[in-house]
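Peer 1: My questions will all concern the structure given below.
There are 4 protein chains.
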Amino acid sequence: MIIVMKAGAEKKEKNEVLKRIRELGYKPHVIHGTTRDVIGAIGDERGKLVLQSIESMPGVESVVPILQPYKLASKEVKKEPSLVRISAAVTIGGREIVVMAGPCSVESESQIIDSAIAVKEAGAQVLRGGAFKPRTSPYSFQGLEEEGLKLLAKAREITGLPIVTEVVNPETAELVAEYADILQIGARNAQNFALLKKVGQLDRPVLLKRGMSMTIQEFLMSAEYVMSEGNQRVILCERGIRTFETATRNTLDLSAIPVLKEKTHLPVIADPSHGTGNHLYVAPMAYAAVAAGADGLMIEVHPDPERASSDGPQSLKPAKFAAMMAKLRLIAAAAERSL
Amino acid sequence: MIIVMKAGAEKKEKNEVLKRIRELGYKPHVIHGTTRDVIGAIGDERGKLVLQSIESMPGVESVVPILQPYKLASKEVKKEPSLVRISAAVTIGGREIVVMAGPCSVESESQIIDSAIAVKEAGAQVLRGGAFKPRTSPYSFQGLEEEGLKLLAKAREITGLPIVTEVVNPETAELVAEYADILQIGARNAQNFALLKKVGQLDRPVLLKRGMSMTIQEFLMSAEYVMSEGNQRVILCERGIRTFETATRNTLDLSAIPVLKEKTHLPVIADPSHGTGNHLYVAPMAYAAVAAGADGLMIEVHPDPERASSDGPQSLKPAKFAAMMAKLRLIAAAAERSL
Amino acid sequence: MIIVMKAGAEKKEKNEVLKRIRELGYKPHVIHGTTRDVIGAIGDERGKLVLQSIESMPGVESVVPILQPYKLASKEVKKEPSLVRISAAVTIGGREIVVMAGPCSVESESQIIDSAIAVKEAGAQVLRGGAFKPRTSPYSFQGLEEEGLKLLAKAREITGLPIVTEVVNPETAELVAEYADILQIGARNAQNFALLKKVGQLDRPVLLKRGMSMTIQEFLMSAEYVMSEGNQRVILCERGIRTFETATRNTLDLSAIPVLKEKTHLPVIADPSHGTGNHLYVAPMAYAAVAAGADGLMIEVHPDPERASSDGPQSLKPAKFAAMMAKLRLIAAAAERSL
Amino acid sequence: MIIVMKAGAEKKEKNEVLKRIRELGYKPHVIHGTTRDVIGAIGDERGKLVLQSIESMPGVESVVPILQPYKLASKEVKKEPSLVRISAAVTIGGREIVVMAGPCSVESESQIIDSAIAVKEAGAQVLRGGAFKPRTSPYSFQGLEEEGLKLLAKAREITGLPIVTEVVNPETAELVAEYADILQIGARNAQNFALLKKVGQLDRPVLLKRGMSMTIQEFLMSAEYVMSEGNQRVILCERGIRTFETATRNTLDLSAIPVLKEKTHLPVIADPSHGTGNHLYVAPMAYAAVAAGADGLMIEVHPDPERASSDGPQSLKPAKFAAMMAKLRLIAAAAERSL
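Line order of the protein sequences matches chains X, G, P and V. In terms of numbering that gives the first Met the number 0, the first sequence has 80 at position 81, counting the first letter as 1, and numbering is strictly consecutive. In terms of numbering that gives the first Met the number 0, the second sequence has 176 at position 177, counting the first letter as 1, and numbering is strictly consecutive. In terms of numbering that gives the first Met the number 0, the third sequence has 314 at position 315, counting the first letter as 1, and numbering is strictly consecutive. In terms of numbering that gives the first Met the number 0, the fourth sequence has 160 at position 161, counting the first letter as 1, and numbering is strictly consecutive.
Given below as structure tokens:
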């Protein structure tokens, strides 16, 4: 932490700050500037957040944090990229781009099995589908719940694809973990710390979506919550942030991919379906995500988007998805990745 | 819903849209414009969200929702303002401005009791204090949990002030409800639908904070979640939204107050402590909130902010809080309210 | 400036940074932390922006500016509030709240004169009205230009109210200055530096609107542009920033008022008409702005908003404006101001 | 336009709205819904903005625009993509990706000529360099002005590369046009309508950067300003929007590329240097932009970024730029483009 004193701070005020820094177990180091003093607080940084309270002391202008507040997620702790193993056949974070595809919600047996077969044929390695749905309206379809999980398991049996599905509640997390190969934490729960702790205690990889107004630092702090409970298998997913632009449902922040690759060893994927909210923009943004360095993609595919019970406008039909995958292979190869 | 067709949409495409509208149980009504057609879908609006999927049909440019998706929270359903009774002495939503004050976190018996006595003396009607704390870092102080609830109850016994405290998890909601007079849902859980449903089933008023990137419409949809489970006693709290500006911790959106007053019958309060993140700006924004029509305020007060275990920089000392309350009384009177 | 080195920065890299700091005329001061070094660069801060380029040197993690980049606008240079004199009768920045009111655009002689008489009767001290209009569409009404200026002058002659009107182009700035008492710089030109320099050379007070996505620091830098050319009579105007919220046209950032009061000696006013875009929300936000410490207001008033050639939805009718002014007087008094 | 009436609107209010629609020259068409009426206003849409003022009439809830307000920029007017010819050798908007590279500012003869030779060797087709610099601080380097233009011309003479440079003022626009092959409008001037009109009258292609808080619709309206003055040769440039995220200087909105391709025939390029503000992220975002469908790129290259007088942290060294170009060729080929 760097404590910036006001230009006219009195000596007494400065002494109080120095005293308080020492009380908190840090060593103060003063730089006398031309117009004001700046004080560095040296010591173990993990507890440094308490230094923030110094901001309310008289004579202090601001307190500037220097270090990132996450540890386990940081590249400083683990330099080489983490490989997250999903199944015997699928691992995320290596050379291979992993595509997770399927409908937004599980709606019926035929819908999820048809989807699973179609996305597998086109080259997807993981099946997605929501059984518990966090919907903004209490009057919208809330998912088939356990019945949906059973249908996902059936689709896995038939196709061999591992499945990713969302967990919305600590109370049902274990139930979901009985069926799912990857536990998804949705954007709206990205700072539901009770839920993050819970999935941190389960033996399943966690796909953590970025919250709609989450900074990259906060995103990594949420990953840290899961990891600090013992579960190191976290996959980060950029899925669009909220901005003033309304031409797309969210603004897919693809620069988050190289930024995350600079700061963390965890694999990073992108979700252009939620990121754009419009099936017309999914394929170009999928290509772009892979070109930017994403380790995988999450894509909504529905056999009949016009009749989907949720997120129809952003879902691809199977034929369009297959065409996208064909072009994606070329982009992946140009980016020295495989698919 | 209004379905806007593309300029060059074919007759066949339009017929498919008309057919689909009828299938979904609505009555289509076509307006032939000079460059394109626009189709209104008439019928019971509650299920209209499924019409959104028409956006992915060929020939369709966009689907524009006309109605608000909330019902119970809407002024169209209930015109007169709702009064939410907290205790024999305290009701929110009427002429009287209700001030909820106290520390961010309950830290110790003396801290919470001293705070309670101080805020009561200055005129606050409700005591706030966190026992379960949703912190962005897993390494930060997470609250005293049930011990904190017991200390809050003790402070209530001594001062008579009802207490408001946060619920972070459906699993511990009932425990919190045993102690608290008002259940607070924090900004990070504002779209944690499992939690919203849970507090909707409990017999306690709910203080719902606006999520950091929540539109006013989504805010009212979260209130609707609570209300649709049977609990009509919802208090809305504007606490700042996330914007590009970094001079304040969040951007307190005071225009949300008159907008909410236009759209809903529920009481609305403001939290200038979280909204600004800086004790210097709390009092002016508290005055402004009341002038804008707020029914109450939530203010962080700490006997020793420089030693607070959370949110020190935005906490007022008791003497400053008392001075603020004195001036607030004048503003309230000018705004034809009492305090 | 504080230069934060990477955790594993090599000695050679650090030496290069120290050398570069000295080359630029600053004195480096190293703090050895537990995991990394931090280097302060001490010296005259005006040119410190060039230090930013050190961020691209090997071994450097980030460069953190410590000082505000503005001088003339800063309270560190001038502690007491600036009074900006508009006319013999009107000065902004003192105890009196100054209200500038009138139509968005000057449309006709009767419209501007009726407006001027009406706003004066209700207690406004300055007449606003646009002659050169910056419209987002080239097909929208662009203003009456010089004819509009002449009509404004006529309205001033009749009512005695000084006039504020917008300058959109360095080429026509002198023409506008011949007629106007205050030169307004609109939000879309808030970083049009050629225009800022031009009005900095003219002998008229400048009303500078905050740009839609301008931080408070950038806002003060734009004021600094005007002041550094010699014109110290700058009035700052908060008029709403762009956020994700669409219930209001912009998000009026009232916390900018106490923040600006903390950082600058310049007077600060608010424009709730553009800030909200809806006549229903203008009065509550006007009260709130004054309660928050604003020195004045800018309000759109139109005799016939339904027929206004621009910004009808946010304009008040004269009777509503008069009612607002009556209540505003009470709020001003409670805030120890007069009107 | 669609006018949505309030649920309880009176017959008299509705009649007033119908009358007003007819007065404005449109034909009203009423849809009677189950809870409220909706009125379509049919007619020539160009002047429809005046219909917006109906929003302030009693009984009206909202006015919803249906049509895009731009014409010349729209794909509805011109379906095939526009090719913008820069020189005999360079055309933007076709199969070939056009890369514009060079330093942020022209600083000296050797700097610009070395840069020009380096970027040409690496495959860039256009030289960029600022002579008039819009800087947020009046105390920062403001550019070499005409001297800078002469140096750019010299670099063109030596390398044959056409040059793009910024215009900041209508007064100096013609001077810049004497030297430049492409006139750049910077982000801060993207709604400086006086400047847009001016370059619309000059016979030079215009590179229009998206404003920091500009929606895609507003971006196209600014293009429309240029085009409505007669200059159809407009190139759009996505350069990052302002969001809450601070890990990058701006948030490069790559989804704007496919959205613009859907709405306009104009070519679209991306500027990952300003978009990210960090040289580490420039190459991945350049690859991503081309994969997303960009017609070109603008990249800052500086022989000595640590000594650059502006934007050092985001500039690439020539060797890094050459490496990026090599990989970009592979991505372009995979995207069925050439470079």
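Yeah, the Cβ is synthetic: ideal placement off N, Cα and C, and Gly gets one too. Small disclaimer: the values here were computed from a predicted structure and weren't measured.
Answer with yes or no whether the minimum CB distance from Glu75/P to chain X is below 8 Å.
Peer 2: At least one chain X Cβ lies under 8 Å of Glu75/P.
Peer 1: Leaving out five residues on either side along the sequence, give the residues of the same chain with a beta carbon under 8 Å from the beta carbon of Ala334/V.
Peer 2: Cβ within range, chain order: Val289, Ala290, Gly292.
Peer 1: For Ile268/V, which option in Ala322/V, Thr275/V, Glu177/V, Ala285/V has the closest C-alpha, if you only look at C-alpha atoms?
Peer 2: Ranking Ala322/V, Thr275/V, Glu177/V, Ala285/V by Cα distance to Ile268/V puts Ala285/V first.
Peer 1: With hydrogens ignored, establish whether the beta-carbon of Asp202/V is closer than 7 Å to any heavy atom of the ligand HEM.
Peer 2: What this structure holds is no ligand at all, so the ligand HEM is not there to describe.
Peer 1: How about Pro102/G and Ser314/G: are their beta carbons less than 8 Å apart?
Peer 2: In contact: Pro102/G and Ser314/G (Cβ atoms closer than 8 Å).
Peer 1: So which of Leu71/X, Ser86/X, Lys5/X, Gly274/X has the shortest CA-CA distance to Ile298/X?
Peer 2: Per the Cα distances, Gly274/X.
Peer 1: Would you mind sorting Val76/X into buried or exposed? The rule is 16 or more other CB atoms within 10 Å of its CB.
Peer 2: It counts as exposed.
Peer 1: So Ser254/V packs on Tyr280/X, CB below 8 Å; how close in whole Å?
Peer 2: The pair is a contact, with the Cβ atoms about 6 Å apart (cut-off 8 Å).
Peer 1: Kindly indicate which three-state DSSP category Lys70/V falls into: helix, strand or coil?
Peer 2: Coil at Lys70/V, not helix or strand.
Peer 1: Would you say the region 149 to 169 of chain P touches the region 11 to 27 of chain V, given that touching needs at least three Cβ pairs under 8 Å?
Peer 2: As far as the Cβ criterion goes, the region 149 to 169 of chain P does not touch the region 11 to 27 of chain V, which means the pair count is below three.
Peer 1: Within the same chain, show all residues whose beta-carbon is closer than 8 Å to that of Gln51/X, passing over the 5 residues directly before and after it, in chain order.
Peer 2: Taken in chain order, the residues that qualify are Met0, Val62, Pro64.
Peer 1: Just verifying my parser: in three-state terms, what is the DSSP assignment at Val198/X?
Peer 2: Looking at Val198/X - three-state DSSP - the assignment turns out to be helix.
Peer 1: Tell me the rounded alpha-carbon separation between Leu265/G and Leu82/G.
Peer 2: Using only the alpha carbons, I get a separation of about 8 Å.
Peer 1: Determine which residues share a DSSP beta bridge with Leu329/V and list them.
Peer 2: Leu329/V pairs with nothing; no bridge assigned.
Peer 1: Is there a C-beta anywhere in chain P that falls below 8 Å from the one on Tyr167/V?
Peer 2: The sequence as given places Val at residue 167/V; Tyr does not occur at that position. Chain P, which has a Cβ nearer than 8 Å to the Cβ of Val167/V, makes this yes.
Peer 1: For the alpha helix (DSSP H) holding Glu145/G, just list the boundary residues, first then last.
Peer 2: Start and end: 145 to 158.
Peer 1: Examine the Cβ distances between the region 121 to 140 of chain X and the region 178 to 195 of chain G and report whether three or more of them are shorter than 8 Å.
Peer 2: Yes: the two stretches touch, three or more of their Cβ pairs being nearer than 8 Å.
Peer 1: Return the Cβ separation of Ala130/V and Thr158/V in integer angstroms, given the expectation that the two are a contact with Cβ distance under 8 Å.
Peer 2: The pair is not a contact, with the Cβ atoms about 17 Å apart (cut-off 8 Å).
Peer 1: Could you tell me how far apart the beta carbons of Gly295/G and Ile91/G are, in whole angstroms, since I believe they sit closer than 8 Å?
Peer 2: Yes, Gly295/G and Ile91/G are in contact; Cβ-Cβ is about 6 Å, under 8 Å.
Peer 1: State the Cα-Cα distance for the pair Met211/P and Leu201/P, rounded to the nearest angstrom.
Peer 2: Distance between the alpha carbons of Met211/P and Leu201/P is about 25 Å.
Peer 1: Residues in the same chain with beta-carbon distance under 6 Å from Ala8/X, minus the five sequence neighbours each way, listed in chain order, please.
Peer 2: Closer than 6 Å at the Cβ level, and outside the excluded window around Ala8/X, lie Gly58.
Peer 1: Arg232/X versus chain P: which residues are under 8 Å apart at the beta carbon?
Peer 2: Neighbours of Arg232/X on chain P: none; closest Cβ ~25 Å, over 8 Å.
Peer 1: Is there at least one Cβ from chain V nearer than 8 Å to Thr135/G's Cβ?
Peer 2: No, its Cβ sits nowhere closer than 8 Å to a Cβ of chain V.
Peer 1: Just confirm the distance between the C-beta atoms of Val175/P and Leu207/P, as a whole number of angstroms; I'd bet it's less than 8 Å.
Peer 2: With 8 Å as the limit, Val175/P and Leu207/P do not qualify as a contact, their Cβ atoms being about 15 Å apart.
Peer 1: Please confirm whether Ala307/X has its beta-carbon closer than 8 Å to some beta-carbon of chain G.
Peer 2: With 8 Å as the cut-off, Ala307/X counts as an interface residue toward chain G.
Peer 1: Is there at least one Cβ from chain X nearer than 8 Å to Ala318/G's Cβ?
Peer 2: Closer than 8 Å: no.
Peer 1: Measuring alpha carbon to alpha carbon, tell me which of Met213/G, Ile162/G, Val89/G, Ile256/G ends up nearest Ile112/G.
Peer 2: Residue Ile162/G is the option with its Cα nearest to Ile112/G.
Peer 1: Buried or exposed: where does Glu106/V fall if 16 or more other Cβ atoms within 10 Å of its Cβ makes it buried?
Peer 2: Its Cβ being crowded by 16 or more others within 10 Å, Glu106/V is buried.
Peer 1: Look at the alpha carbon of Leu182/P and the alpha carbon of Leu329/G, and state the distance between them as a whole number of angstroms.
Peer 2: If you take the alpha carbons of Leu182/P and Leu329/G, they lie about 36 Å apart.
Peer 1: Using a Cβ-Cβ cut-off of 8 Å, state whether Arg19/P counts as contacting chain X.
Peer 2: Not an interface residue.
Peer 1: What residues from chain P crowd round Leu66/G, counting only those whose CB sits closer than 7 Å?
Peer 2: What Leu66/G touches in chain P: nothing, since even the nearest Cβ is about 15 Å away.
Peer 1: By Cβ distance below 8 Å, which residues in the same chain neighbour Ala172/G in space, the five residues on each side in sequence not counted?
Peer 2: The answer, listed in chain order, is Val166, Leu182, Leu194, Lys197, Val198, Leu201.
Peer 1: Leaving out five residues before and five after Glu108/P in sequence, what residues of the same chain have Cβ atoms less than 8 Å from its Cβ?
Peer 2: Leu150, Lys153, listed in sequence order.
Peer 1: By the DSSP assignment, the alpha helix (DSSP H) with Thr164/X in it spans what residues?
Peer 2: Looking at the DSSP string, Thr164/X is not in any alpha helix (DSSP H); the run it does join, the beta strand (DSSP E), is 162 to 165.
Peer 1: Note down, in chain order, every chain V residue with its Cβ under 8 Å from the Cβ of Met211/P.
Peer 2: In chain order: Ser212.
Peer 1: Just the chain P side, please: which residues come within less than 7 Å of Asp252/G by C-beta, in chain order?
Peer 2: The answer, in chain order, is Glu244, Thr250.
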